Structures are given as C-alpha cells and as structure tokens.
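Q:
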Amino acid sequence: MGKERGKQARPRRLRTQRDMLCDVMLAAGQCETWLTLHELSRLTGYGEASVSAQLRHLRKPRYGGFLVNKRVRARDEVIRGERGPVWEYQLRRTILRIWAEGRVASGMRGRRR
Numbered sequence: 043m044g045k046e047r048g049k050q051a052r053p054r055r056l057r058t059q060r061d062m063l064c065d066v067m068l069a070a071g072q073c074e075t076w077l078t079l080h081e082l083s084r085l086t087g088y089g090e091a092s093v094s095a096q097l098r099h100l101r102k103p104r105y106g107g108f109l110v111n112k113r114v115r116a117r118d119e120v121i122r123g124e125r126g127p128v129w130e131y132q133l134r135r136t137i138l139r140i141w142a143e144g145r146v147a148s149g150m151r152g153r154r155r
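In our numbering, the protein residues as written are 43 to 155.
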C-alpha cells in the first residue's frame, strides 16, 4: 500500500480579466472615482475593447449583475486629445429585491409599474 496523502491541493483558479476589472472598478467606486476605458486599460494591462466587453459582462446576472454607470467626461478634463465625447464608467453593486409577483428586480434601476 502506498502512503496516504493528506488533503489534495485544489487547483488554483486563475484570475480572469473580468475578475481583475471588477476589483479595480469596485476599488475606484469606494473612492467615488470614475474611470475611462483608456485609464482602465492602463491599470489592468488589457485593451480598451476587452475592457469594454468585460464591463458589459459585469451587467449580466451570472457575472454579478452590477450596475455600470456611464457619463461623458467634462471637456476640460480630457487629456488625450480625443475627438468627440470621452466616456467614463463607475461600477456599483446592485441590491436585488423580490417583487410581489416573484420577479427579481434591481434596486438601483427604475421600477416597473
């Protein structure tokens, strides 16, 4: 008989792009900071298109159902010399509430009547 091993080490789950973006956005949200795609790209090391896609995923219930706020950054704050509006984003946790009919609704969004 072979040696009995203790607990087998569980394989470590690699942090995904979405996990990293979520952590950065939640930390920025605690400071009430808004970040552009360019700033998020620089902070995470991922491309702006990937960051944008992951922000869309974070809105989905299976990835946390976060509320992603979006607004145009004021012109005097634009640093990169972009043409057109520069959007900035903020991530918020949503509060889920059960309606009387049994449907799930987000506590941060508009109510249905």
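The beta carbon of each residue, even a glycine, is placed where N, CA and C say it ideally should be.
Quick caveat: nothing in here was measured; it's all calculated off a predicted structure.
When DSSP labels each residue in this structure, what does residue 155 get in the three-state scheme?
A: What you label residue 155 is simply residue 113 of the sequence shown in a count that begins at 1. Its pLDDT being 40, under 50, residue 155 is placed unreliably by the model, and the measurement read from it follows with that caveat. Three-state DSSP puts residue 155 in coil, outside helix and strand.
Q: Give me, in chain order, the residues of the same chain whose beta-carbon lies closer than 8 Å to that of residue 79; leave out the 5 immediate sequence neighbours on both sides.
A: The sequence position of residue 79 within the sequence shown is 37, counting from 1. If we look at residue 79 and ignore the five residues flanking it on each side, its Cβ neighbours are 90, 93, 94, 129, 131.
Q: Using the Cα positions of residue 66 and residue 106, report the straight-line distance between them to the nearest angstrom.
A: Taking the sequence shown and counting its residues from 1, the one referred to as residue 66 is at position 24. Taking the sequence shown and counting its residues from 1, the one referred to as residue 106 is at position 64. The alpha-carbon atoms of residue 66 and residue 106 are separated by roughly 15 Å.
Q: Residue range of the beta strand (DSSP E) that residue 133 falls in?
A: Walking along the sequence shown from the start, residue 133 turns up at place 91. Per DSSP, residue 133 belongs to the beta strand (DSSP E) from 129-134.
Q: If you follow the beta strand (DSSP E) that residue 35 is in, where does it begin and where does it stop?
A: Since the first residue of the chain shown is 43 and the last is 155, residue 35 is not available in this structure.
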